[in-house]
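Asks: Residue numbers (this note's numbering): 44 to 690.
Where is the CB? At the ideal position from N, CA and C, for every residue including glycine.
Just so we're clear, the structure is a prediction, and the values are computed from it rather than from any experiment.
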């Protein structure tokens, strides 16, 4: 250093024994006025600033220019210029720069121990933590996800609309609307207060929802009710009632349910003390597609945080719900988790959390996260859904359409909704970016009927994926025989549907689900026929390779389901009958039909059916069920039947 005066000022500025801090800083400042690039003085002055700011919990940003001077003049001077510069940039929301300098601090190496703080180990821990945060905020704010929200047409009005859900088939929307209170004589309240109404809206022919009407009794009877979730068949509605005086209610908020029967909603029932904690807030239900698992938020004791997400499982035999199960880590944290939404795919969970640490970082308030369950049902580490879907405020009440393409939320924040509100709180929708979408699913709906078209209620429909062999079972409605289920279409598989009922013969059909979702279920009706000795039944969807007795892969699944029927009815004996069209010689057709019938017999035996219960015969082109003059007719005649010999 050429300037002796600057050196002398520096020495005075670093003499902690004789000079008080304010005067030391004044000396250092004078030294820097003489020599702005004086590394020692810049470092000493910045360190004094840091200690002042640290003690008062003030930002480190005032020290950054002086630390940068040190780095510029002497990159290997000390590790702390990088440390505090990184923190200062993070506090100043300059996340890219924060990443650069925190990483340089972590990479700083030198054999001289004097170039490291005596608190270096603590700084190392803090730097790693803050680097993780800087990378998170950089990803959030500098790489925003697509977000262009707009109000749900016609549902949103100048009044407040919130606490919404849309049925999986898109037919209905349920929500709360706040309206000016009026008595039976249409006289407004003296204080101009509002009343909350539990509303229902239906999808119209033009693809928009109606403005909505207040649900009739047993709803809207003066209780604080809302926050709905509805099953895939639109017949079971779960929601929250707070501080209800209804019979069987518990203190605070509880989860209730009602079923849609004979054109009306049944009496509202408390889900029971088995699920609702008498001394806790139990709220925000969300139900899986099959209606057997209910997720909800609760602040009951014994959780990981103040409010956790739980699930309860319905016993298919008794209809009773299990004691709630805490989802545990990584979903629940020492903070608060709320507003769970389980998608129709049954393994993508969206929820809100106010906890921000480690891999579970947020932007402020409650952030929306999502997690997927693996094949064993274990939840993977949640991902933050991103900015600007998430904001610095509370982001809750999020849900996703069945096709996974639309996200929904409620807000009255004009900054978040781009000033598009119709007034007050509104329900908004937006195109959800690809990474945050659930697995692709489609809905299959149908009805079970008898030979004369009469309704067959209480049958069991099994849906089997021809690729994965995974099955799902749904019981048809006990009144009208209808059913609906959700299937995964991500693997482009076909599905085999079989209907089972005591005393009924086997029947199946194959449905091909396209990789699209129109919002309406694919419809398939299943016929239920009695087991009758001597009767012939077509074994649907048995396909062979051309001019061969070798089964196509999809038919193997059908035969496996047929085997289950035979195992469930061990006294039944059958004959397998093979048929062809009339193309080719009679001799060849007879041989081919015989070989094909034998192939089915072998496949059933391979699945464990005793040979003594099975016979086979080929009939060639005999007994056609359609004209052989068209390809469609010939295809119908190329069939496999079975005859009940004994039952």
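#1: Go to residue 392, then tell me how far its alpha helix (DSSP H) extends in each direction, as first and last residue.
#2: Quick one: which unbroken beta strand (DSSP E) runs of 3-plus residues sit fully inside the segment 361-417? Chain order, please.
#3: Can you find the residues in the same chain that come closer than 7 Å, C-beta to C-beta, to residue 247, ignoring five residues on each side of it along the sequence?
#4: In angstroms, rounded to a whole number, what distance separates the CA positions of residue 613 and residue 505?
#5: Please tell me whether residue 542 and residue 554 are closer than 8 Å, where the distance is taken between their beta carbons.
#6: Measure the C-alpha to C-alpha separation of residue 90 and residue 170 and round it to an integer number of angstroms.
#7: Measuring alpha carbon to alpha carbon, tell me which of 156, 479, 597 and 210 ends up nearest residue 508.
#8: Have a look at the DSSP bridge pairing and note the partners of residue 273.
#9: Give the straight-line distance between the Cα atoms of residue 228 and residue 222, rounded to the nearest whole angstrom.
#10: When we look at the beta-carbon of residue 403 and count the other beta-carbons within 10 Å, is it buried (16 or more) or exposed?
#11: Please report the residue range of the beta strand (DSSP E) in which residue 105 lies.
#12: For residue 496, does the count of other Cβ atoms within 10 angstroms reach 16, so buried, or fall short, so exposed?
#13: Since I believe residue 106 is in contact with residue 133 (beta carbons under 8 Å), could you give me their beta-carbon distance rounded to a whole number of angstroms?
#14: Ignore the nearest five residues each way along the sequence and tell me which others in residue 679's own chain have a CB closer than 7 Å to its CB.
#15: Could you tell me the alpha carbon to alpha carbon distance between residue 230 and residue 224, rounded to whole angstroms?
#16: Kindly say whether residue 639, judged by its beta-carbon, lies nearer than 8 Å to any beta-carbon of chain C.
#17: If you run the structure through DSSP and keep just helix, strand and coil, what is residue 767?
#18: Would you be able to state if there are at least three C-beta pairs under 8 Å between the segment 437-444 and the segment 343-356?
#19: Quick one: Cα of residue 479 to Cα of residue 428, how far?
#20: Name the DSSP beta bridge partners of residue 170, please?
#21: Counting only runs of 4+ residues fully inside the segment 538-615, write out the alpha helix (DSSP H) ranges in chain order.
#22: With a threshold of 8 Å on Cβ separation, who are the neighbours of residue 62 within its own chain once the five nearest residues in sequence on each side are excluded?
#23: According to the Cβ coordinates, are residue 295 and residue 324 closer than 8 Å?
#24: I'd like the list of long-range same chain contacts for residue 167, defined as Cβ closer than 8 Å, with 5 residues on each side in sequence excluded.
#25: Would you call the segment 273-283 and the segment 332-342 in contact, with 3 or more CB pairs under 8 Å?
#26: For residue 504, which three-state DSSP category applies?
#27: According to DSSP, what are the bridge partners of residue 422?
#28: Who does residue 525 pair with in a DSSP beta bridge?
#29: Measure the beta-carbon distance from residue 203 to residue 220 and round it to whole angstroms, keeping in mind my assumption that it falls under 8 Å.
#30: Are the Cβ atoms of residue 517 and residue 525 separated by less than 8 Å?
#31: Buried or exposed: where does residue 672 fall if 16 or more other Cβ atoms within 10 Å of its Cβ makes it buried?
#32: Can you list the beta strand (DSSP E) stretches of 3 or more residues lying completely in the segment 603-681, in chain order?
#33: Measure the C-alpha to C-alpha separation of residue 513 and residue 419 and round it to an integer number of angstroms.
#34: Do you know how far the Cα of residue 255 is from the Cα of residue 243?
#35: Residue range of the alpha helix (DSSP H) that residue 67 falls in?
#36: Going by DSSP, which residues form a beta bridge with residue 330?
Replies: Quick look at the numbers:
#1: Segment 391-396 is the beta strand (DSSP E) holding residue 392; no alpha helix (DSSP H) there.
#2: 380-385, 391-396 and 410-415
#3: 253
#4: 20 Å
#5: no
#6: 17 Å
#7: 597
#8: 280
#9: Any reading at residue 228 must be qualified, since the residue scores a pLDDT of 46, below 50, and its modelled position is unreliable; no value is offered.
#10: buried
#11: Where residue 105 is concerned, there is no enclosing beta strand (DSSP E), given that its DSSP letter is neither H nor E.
#12: exposed
#13: Contact doesn't hold; Cβ gap of about 13 Å is too wide.
#14: 668 and 669
#15: Summary for residue 230: the model assigns pLDDT 49, below 50, so the residue's position carries little reliability, and this model does not support an answer.
#16: The structure shown has no chain C; it contains just one protein chain.
#17: No answer is possible for residue 767: the residues shown for the chain start at 44 and end at 690.
#18: no
#19: 7 Å
#20: According to DSSP, which records beta bridges pairwise, residue 170 is partnered with nothing at all.
#21: 596-611
#22: 55, 56 and 70
#23: yes
#24: 149
#25: yes
#26: strand
#27: 416
#28: 490
#29: 7 Å
#30: no
#31: exposed
#32: 616-621 and 657-661
#33: 13 Å
#34: 5 Å
#35: 64-77
#36: 337
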